[in-house]
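In what follows, a single structure is set out as structure tokens and then discussed.
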Amino acid sequence: MKIIVCVKQVPDTSGKVAVNVDGTLNRASMQAITNPDDMNALEAALQLKDKTGCQVIVVTMGPLAATGMLRELMAMGADEGVLVSAREFGGSDTYATSQILAAAIKHIGLEAEDLIFCGRQAIDGDTAQVGPQLAEKLNLPQVTYAADIRKEGDCITVKRMLEDGYMTILMKTPCMVTCIKELNKPRYMTVSGILNACSKPLTTLDYEALKDDPLIDPATIGLKGSPTNIFKSFTPPRKGGCIMMDGDARTVCGELANMLTSKYII
Amino acid sequence: MDFALTNEQEMLKKLAAQFAENELEPATEEMERNHAFNAGIFIKMADLGFTGLGISPEYGGSGGGDTEKVIVVAEFAKKCMSSAATLSIHLVAPKTISRFGTEAQKKNFLPKVTCKGGLAAFALTEPGAGSDAAAVQTTALYDEATNEFVLNGTKCFITGGALADVLVVFAMTKPEKGLKGMSAIIVEKGTPGFTSGKIEEKMGLAGSETAELIFEDCRVPADNLLGREGQGFKIAMVALDSARIGVGAQAVGIAEGAVDLSAKYMRERVQFGKPIASLQGLQWYLAEMATKTEAAKWLVYYAAYLHDTDKPFSKEAAMCKLNASENARFVTNLAIQIHGGYGYMKDYPLERMYRDAKITEIYEGTSEIHKVVISRAILNQ
């Protein structure tokens, strides 16, 4: 059994957000981090590895610099890293990215008990589309927003978090699950994990390696094959500050009513 | 010449910084309040492999050398000097056992302190033997009948001494031979005749325990002799050379932390209608603090590099410790000055950092002793 965890290197949006003149994000000027939800996906995979001894492979599409992220994830406990990287893949939107990642996963190979874990969404685009699209292209069952994952044989039970409650789903493997931050707390790297990370296998899959897959059609990959066009990117202006009120309900309600009255809201 | 950290070292720096920010910094307040070592924090360090740095995985260690130790200790010291000191000093005894111990000693003692949250201590100092380490009065006389050493005497100012699971203790096995009669002996916690005395209250380092150790007819197997009989002084000096690099790293970490806090405060603090960062007087302070700290850091890295590549490093270890520790006091002093009244208040970390920085000029050899070591090395060349 193996778990393929799809991860993405994203700009750290907790710092300053820089935008290019064409409206796209200026990634080079921003600190790169592993997408937070993807860290939860990896942690879920590592917890299953702790229980079952399964193999965990981290896969990312991105520039060569993303190998640094893959090494860090291997220092946390992933067994292998795969970097999907080629000029032809650059500028891909979610549709094109899921095509390429699907081809890469087919190249790695999926067996009966295997799982694919993705983060719910990346903090740069917030689309939450790549995971579900990937499952569709691989013709796999999928569950999104997983807040708990249990595996027994060739089935997994996933507690799916919805706005108004939970849904528990039993699903056959192989399948795809997207993970949310409520699922777990990602572990630290370890010192010995770090010192061993560079001796673990890291493969690069380029255009040559994947070009024979029918999904790798120049018309549906890369910037030209992406149906999405970015009209404009901007940092929304900050809304007003938040005031936290302490005290018993009656006093706080009174103070709140006074504030709203003073602003002529009520 | 390569000044770049390796990929592994970059990752280690990141891990240490994350751990320091998430786990150590929030614990400093409790350490200051209780004046006590935080065992929970130490176990977390062990779980991630920090306490086995520099020791081969074969003996439960995490691998790495002095450079890796420097990286971790400096990152810890930026946020919590007590934890940095605890780790840095803990690592001295296992490193010494690893270097001078027999295979059986390494297999027996190292796993107890490298990976399971066990603490190690290095017991050399005595009330009458500080800078003059050769004046050790503790004896460890050999009892032929039982094939044991019998320890008698008192050690003082021993970091982690009362809590440690494994200690390297220096004692005179042949008192009449002076320096050549000193030996290093491994003592385990709970050995009959070994107790702890006074736990010191200190100016700083609140979260690092400093204990008096008392040996009264404490019998340890002769197999616990580390290295050869009479080799104790040499073992102590080799161990202290490496320990000094650790203190250099602590001092660099505190200074870097103080520079970071000062830059942040200068940008945020508004006086006379503008941030105090616009005042040239303070800009000059900051530039001087950052420059000296950067220089101190590279001398520490250089000493660690020499040690890791098996080159002579005694002089450079002394130089890096002397320079970094004096810089740590200089920088934390100016950082308080930049922060004004806020810097003097206990609600802010700088007064703690200033008190913590002072010890780096004293322990593992005072600045004055280091000047002796350095000048002797130059004059004897």
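For the record, the sequence lines run as chains A and B. For any residue, its number in our numbering is found by taking its place in the first sequence, counting from 1, and adding 519. For any residue, its number in our numbering is found by taking its place in the second sequence, counting from 1, and adding 964. Just so it is clear, CB atoms sit at the ideal spot from N, CA and C, and this is done for glycine as well.
Could you tell me which chain A residues have their CB closer than 7 Å to the CB of B:S1026, listed as they occur along the chain?
V710, S711 and L714
So A:R590 contacts chain B; which residues on that side make the cut at Cβ distance below 7 Å?
N971 and M975
Helix, strand or coil at B:I1178 according to DSSP, with G and I counted as helix:
strand
Taking all protein chains shown into account, do 16 or more other C-beta atoms lie within 10 angstroms of the C-beta of A:V771, making it buried, or fewer, making it exposed?
exposed
Report yes or no: do the region 636 to 652 of chain A and the region 689 to 704 of chain A share at least 3 C-beta pairs separated by less than 8 Å?
yes
If the cut is a Cβ gap below 9 Å, which residues of chain A does B:F1040 touch?
None at all; the shortest Cβ gap to chain A is about 13 Å.
Alpha carbon to alpha carbon, what distance is there between B:G1094 and B:K1285?
17 Å
So with Cβ pairs under 8 Å, would you call B:L1012 a contact of chain A?
yes
I want to verify the contact list: residues of chain B whose CB lies under 8 Å from the CB of A:A594, in sequence order.
M975 and L979
Do A:K570 and A:Q618 have their beta-carbon atoms positioned less than 8 Å apart in this structure?
no
Got a sec? Which residues, its chain only, sit under 6 Å from B:G1212 by beta carbon, not counting five neighbours each side?
V1264, C1284, K1285 and A1288
Going by DSSP, name the residue or residues bridged to B:F1134.
B:A1148
Cβ distance (whole Å) where A:E507 is taken to contact A:Y726 below 8 Å
The shown model of chain A, from 520 to 785, leaves out residue 507 of chain A, and the question about it has no answer.
Taking 8 Å as the threshold, find out whether the region 1170 to 1180 of chain B comes into contact with the region 1243 to 1253 of chain B through three or more Cβ pairs.
no
Name the DSSP beta bridge partners of B:M1253, please?
For B:M1253, which the question treats as bridged, DSSP gives no partner whatsoever.
With a CB to CB cut of under 8 Å and the five nearest residues on each side skipped, what residues in its chain are close to B:P1276?
L1270
In three-state terms, what does DSSP make of A:K656?
helix
Bridge partners of A:R669, per DSSP?
A:T676
Does B:F1006 have its Cβ less than 8 Å from a Cβ in chain A?
no
Just mark B:S1226 as buried or exposed, buried being the case when its beta carbon has 16 or more other beta carbons within 10 Å.
buried
In angstroms with no decimal places, state the Cα-to-Cα distance between A:I762 and B:T1089.
56 Å
Express the C-alpha separation of A:E682 and A:I624 in angstroms, rounding to a whole number.
31 Å
Can you find the residues in the same chain that come closer than 6 Å, C-beta to C-beta, to B:K1076, ignoring five residues on each side of it along the sequence?
G1082, D1129 and V1130
Taking the alpha-carbon of A:N545 as reference, which of A:V536, A:T553 and A:I552 has the nearest alpha-carbon?
A:V536
In this structure, how does DSSP classify B:T1102 when only helix, strand and coil are distinguished?
coil
So, B:I1122 versus B:A1085, is the Cβ gap smaller than 8 Å?
yes
In the DSSP assignment, the alpha helix (DSSP H) including A:Y614 goes from what residue to what residue?
T613 to I627
Please confirm if the region 714 to 721 of chain A is in contact with the region 624 to 633 of chain A, defined as three or more CB-CB distances below 8 Å between the two stretches.
no
With 16 other CB atoms within 10 Å as the buried threshold, where does A:F753 fall?
exposed
Between the region 1097 to 1111 of chain B and the region 1134 to 1145 of chain B, do at least 3 Cβ pairs fall closer than 8 Å?
yes
By DSSP, does A:M686 sit in helix, in strand, or in coil?
strand
For A:K521, is the classification buried or exposed, using 16 other Cβ atoms within 10 angstroms of its Cβ as the cut-off for buried?
buried
Who are the neighbours of A:G773 on chain B, taking C-beta pairs under 8 Å?
Result: empty, since nearest Cβ-Cβ is about 32 Å, beyond 8 Å.
Could you pull the start and end residues of the alpha helix (DSSP H) that B:F1073 belongs to?
E1067 to T1078
Can you confirm whether B:P990, when its beta carbon is compared against all beta carbons of chain A, has any partner nearer than 8 Å?
no
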